[in-house]
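Peer 1:
In my numbering, the protein residues as written are 419 to 482.
See the structure below:
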């Protein structure tokens, strides 16, 4: 058992796990921006998309 791990959360797929990891990291650090790999697949959340994807708000995309 890990002493600091007093709770656990499960997702149904990798995208859910990635979203959760980003939300926890943003909360823990107080920072908004994330680092991502260009042309990599990181899930379908708006903040994980490329800037030129139609329908994605630049305000959200610019946080990554």
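Even glycine gets a Cβ: it sits at the ideal position worked out from N, Cα and C.
Go through its chain and collect everything with a Cβ distance to residue 445's Cβ below 7 Å, but skip five positions before and after it.
Peer 2: Counted from its first residue, the chain shown places residue 445 at position 27. Cβ neighbours of residue 445 beyond the five flanking positions: none.
Peer 1: Look up residue 435 in the DSSP assignment and say whether it is helix, strand or coil.
Peer 2: Taking the chain shown and counting its residues from 1, the one referred to as residue 435 is at position 17. Looking at residue 435 - three-state DSSP - the assignment turns out to be helix.
Peer 1: Which same chain residues end up closer than 8 Å to residue 438 when comparing Cβ atoms and leaving out the 5 residues on each side of it in sequence?
Peer 2: Here residue 438 refers to the residue found at position 20 when the chain shown is read from its first residue. Around residue 438: 427, 429.
Peer 1: Compare the Cα-Cα distances from residue 452 to each of 422, 431, 472, 478 and report the closest residue.
Peer 2: Here residue 452 is taken as the residue at index 34 of the chain shown, counted from 1. Selected option, being the one with the closest Cα: 478.
Peer 1: Is it true that the CB of residue 458 sits closer than 8 Å to the CB of residue 436?
Peer 2: On the chain shown, position 18 is the one that residue 436 refers to. On the chain shown, position 40 is the one that residue 458 refers to. No, the Cβ-Cβ distance between residue 436 and residue 458 is not below 8 Å.
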